[in-house]
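Colleague: Residue numbers (my numbering): 2 to 78. Beta carbons: idealized from backbone N, C-alpha and C, even for Gly. What you are looking at is a predicted structure, and each value in this text was computed from that prediction instead of being measured.
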Amino acid sequence: MEKSEVLRLTGKKILKIREQKGFTQLDLAARIQGDFDTTNVSRIESGRTNPTIYTLYRIAEALEVSLADLVINEVKD
Numbered sequence: 002m003e004k005s006e007v008l009r010l011t012g013k014k015i016l017k018i019r020e021q022k023g024f025t026q027l028d029l030a031a032r033i034q035g036d037f038d039t040t041n042v043s044r045i046e047s048g049r050t051n052p053t054i055y056t057l058y059r060i061a062e063a064l065e066v067s068l069a070d071l072v073i074n075e076v077k078d
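#1: Rounding to the nearest angstrom, what Cα-Cα distance links K4 and V72 in this structure?
#2: Which term fits I54, buried or exposed, when burial requires 16 or more other beta carbons within 10 angstroms of its beta carbon?
#3: Less than 7 Å between C-beta atoms, sequence neighbours within five positions excluded: which residues of the same chain meet that for G12?
#4: Does the distance from the CB of D70 to the CB of A61 come in under 9 Å?
#5: Would V7 pass as a contact of Q26 if the rule is Cβ separation under 9 Å?
#6: Nearest-angstrom Cα distance between L57 and S67?
#7: Could you have a look at G12 and say whether DSSP puts it in helix, strand or coil?
#8: Short of 8 Å in beta carbon distance, which residues of its chain neighbour T50, apart from the five on each side in sequence? Order them along the chain.
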């Protein structure tokens, strides 16, 4: 699988979980530990950036899911 596909699928998974939780991008950014902007959430969800493992961990914590839930890509279109 190409890097761009991994980033796209990971972003799609984050978006799906965020929407299931009823969070806006602003809500999620506010819940993430440390300084985090909604533009970062947008770039990650659209697959336009390569987040670090620590960033993915912080997102998982904010969404109250495991890191594995974010990176195991079984997203169906």
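Modeller: With the given structure in hand:
#1: Start at 1 with the first residue of the sequence shown, and residue 4 comes out as number 3. Start at 1 with the first residue of the sequence shown, and residue 72 comes out as number 71. Approximately 13 Å between the Cα atoms of the pair.
#2: As a first step, residue 54 is located in the sequence shown; it is residue number 53 there, counting from the start. Classification of I54: exposed, given that the 10 Å Cβ count is below 16.
#3: Counted from its first residue, the sequence shown places residue 12 at position 11. Excluding residues within five positions, the ones whose Cβ falls inside 7 Å are I45, E46, S47 and G48.
#4: Here residue 70 refers to the residue found at position 69 of the sequence shown. Here residue 61 refers to the residue found at position 60 of the sequence shown. The answer is yes: Cβ separation under 9 Å.
#5: On the sequence shown, position 6 is the one that residue 7 refers to. On the sequence shown, position 25 is the one that residue 26 refers to. Cβ distance not < 9 Å, so V7 and Q26 don't count as in contact.
#6: As a first step, residue 57 must be located in the sequence shown, where it is residue number 56. As a first step, residue 67 must be located in the sequence shown, where it is residue number 66. Taking the straight line from one Cα to the other gives about 10 Å.
#7: Start at 1 with the first residue of the sequence shown, and residue 12 comes out as number 11. Residue state, collapsed to three classes: helix.
#8: Locating residue 50 in the sequence shown gives position 49, counting from the first residue. Once the five neighbours on either side are set aside, the close Cβ partners of T50 are L8, N41 and R44.
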